[in-house]
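Contents: one structure, followed by commentary.
There are 2 protein chains.
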Amino acid sequence: MGKTAYQRTSDDTVAPRRDLEGLVGYQLRRVGAQVVKELLRIFGVVGLAPGQFSILMLIAEHPGCFQMDLARLANVDRSTLVPMIERLAQLKFIKRSQSENDRRAFHLQVTARGRKAIDQVMPDLRAFEETLTDAMSAREKTTLLRSLRHVEEALLRP
Amino acid sequence: MGKTAYQRTSDDTVAPRRDLEGLVGYQLRRVGAQVVKELLRIFGVVGLAPGQFSILMLIAEHPGCFQMDLARLANVDRSTLVPMIERLAQLKFIKRSQSENDRRAFHLQVTARGRKAIDQVMPDLRAFEETLTDAMSAREKTTLLRSLRHVEEALLRP
DNA sequence: TATTGTTATACTCTATAACTATA
DNA sequence: TATAGTTATAGAGTATAACAATA
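For the record, the sequence lines run as chains A and B. Position 75, counted from 1, in the first sequence is what my numbering calls 75; the numbers after and before it change by one each time, with no gaps. Position 154, counted from 1, in the second sequence is what my numbering calls 1154; the numbers after and before it change by one each time, with no gaps.
Pasting the structure below:
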């Protein structure tokens, strides 16, 4: 295979080899974007978008955490969290309580109502999961999850 | 394992099991979002965002296609494509030529300038790829790509 | 009537920079 | 000086609905 990866088709146009199919990063973006559309539908039932639900789960896993903790855990800027936290608080899925040690910060916790929303959505999330993986063996699924973890670690490495 | 997946921590707050880690769809969204950030940097060198580059590649792979073809190939609404196509035309990475059979539609083709942009970006894209997969064996990488294809097929199934 | 592409509009996710209050 | 959170702003990607031109 030569150095130029394209076949000339006319004076000003070219056709490349279809060589993006073998790129993990590129495919992850494509698949991730399609997944988001389904998650929008699933989480929409309780009034949340995928990112908002993701933050709700992080708070549930780290009760009493601060927004700065979430920024680190989700690897997003702290300003990105403001409208998400606001939305969750508006729906009363979380509660904020001012820290006694540091009056700039607020402890975050999932409320009973927030837990209900999670419980309500989880069956659909699991059903979606089965749709995604029903052509895979249990072993293939385990391997996929391990590979995704490897990729995520590589992305977070400085 | 009982039916309730949570341990009560106080009157109004709960802590769930960390059971999203085993969900392929959820992890794909997380990883996909992180990948996009890197792709923004990589494609930004030639003035494109990840979605715009993705459409440029599709046009390169399907010279002469119409916007409706791209909507089907990328699985997005036709209105989503309008600003992307406009951006690519603005940078002279593609050219539009009115179809002689159907004067509503425009054939799309990548220009020499567009090809240069692709060539310029590809080495960085491949380097990013190696970062993502350097903790994987060749076999694991192949398996991951196959799994992603399975997932994508499941997502596009009606 | 149906289709191609556009416009208007809206929402989510992301960021940077500047700000307030507090440490 | 540094940090927690907010505000203002911007860009990207997604959609729905209504429209014009054409089939």
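Using N, Cα and C, we set each Cβ at its ideal position, and we do this for glycine too.
Just the Cα atoms here: how many angstroms apart are residue 1125(B) and residue 1042(B)? 7 Å
So if I threshold CB-CB distances at 8 Å, which residues from the stretch 1070-1094 of chain B count as touching chain A? 1075
Span of the alpha helix (DSSP H) holding residue 1128(B)? 1112-1133
Under a CB-based cut-off of 8 Å, is residue 1135(B) close to chain A? Between residue 1135(B) and chain A, the shortest Cβ-Cβ separation is below 8 Å.
Any C-beta of chain B sitting closer than 8 Å to the C-beta of residue 68(A)? Not one beta carbon of chain B lies nearer than 8 Å to the beta carbon of residue 68(A).
Three CB pairs or more closer than 8 Å across the stretch 51-64 of chain A and the stretch 76-85 of chain A: Short answer: they touch.
Taking Cβ-Cβ distances below 9 Å as the criterion, which residues of the stretch 21-40 of chain A are in contact with chain B? 21, 22, 23, 24, 25, 26, 27, 28, 29, 30, 31, 32, 33, 34, 35, 36, 37, 38, 39
In three-state terms, what does DSSP make of residue 54(A)? Residue 54(A): helix per DSSP, three-state reduction.
Which whole-angstrom value is the C-beta distance of residue 1031(B) and residue 32(A), which I expect to be below 8 Å? 7 Å
Residues of its chain near residue 1056(B), where Cβ-Cβ distance is below 8 Å and the 5 sequence neighbours each way are ignored: Excluding residues within five positions, the ones whose Cβ falls inside 8 Å are 1048, 1088, 1093, 1094, 1110, 1114, 1117, 1118.
Can you check which of these residues, 1134(B), 1106(B), 1059(B), is closest to residue 154(A) by C-alpha distance? Of the candidates 1134(B), 1106(B), 1059(B), the residue whose Cα lies closest to the Cα of residue 154(A) is 1134(B).
Thinking C-beta only, is residue 1027(B) closer than 8 Å to residue 145(A)? Yes. Within cutoff.
If you measure between the beta carbons of residue 140(A) and residue 1097(B), is that distance less than 8 Å? no
Looking at residue 1035(B) and residue 157(A), is the spacing between their C-beta atoms short of 8 Å? no
Cβ-based neighbour list, residue 99(A), same chain, cut-off 8 Å, excluding 5 preceding and 5 following: 66, 105, 106, 107
Could you tell me whether the Cβ atoms of residue 1046(B) and residue 1151(B) are closer together than 8 Å? no
Against residue 155(A), what residues of chain B qualify as contacts under a CB-to-CB distance less than 9 Å, listed in chain order? Neighbours of residue 155(A) on chain B, chain order: 1031, 1034, 1035, 1037, 1038, 1131, 1132.
Does the separation of the CB atoms of residue 25(A) and residue 1128(B) fall below 8 Å? yes
Please check if any C-beta of chain A sits within less than 8 Å of the C-beta of residue 1045(B). no
Is it buried or exposed for residue 40(A), if we count other Cβ within 10 angstroms and need 16 for buried? Under this definition residue 40(A) is an exposed residue.
Any chain A beta carbon closer than 8 Å to residue 1106(B): no
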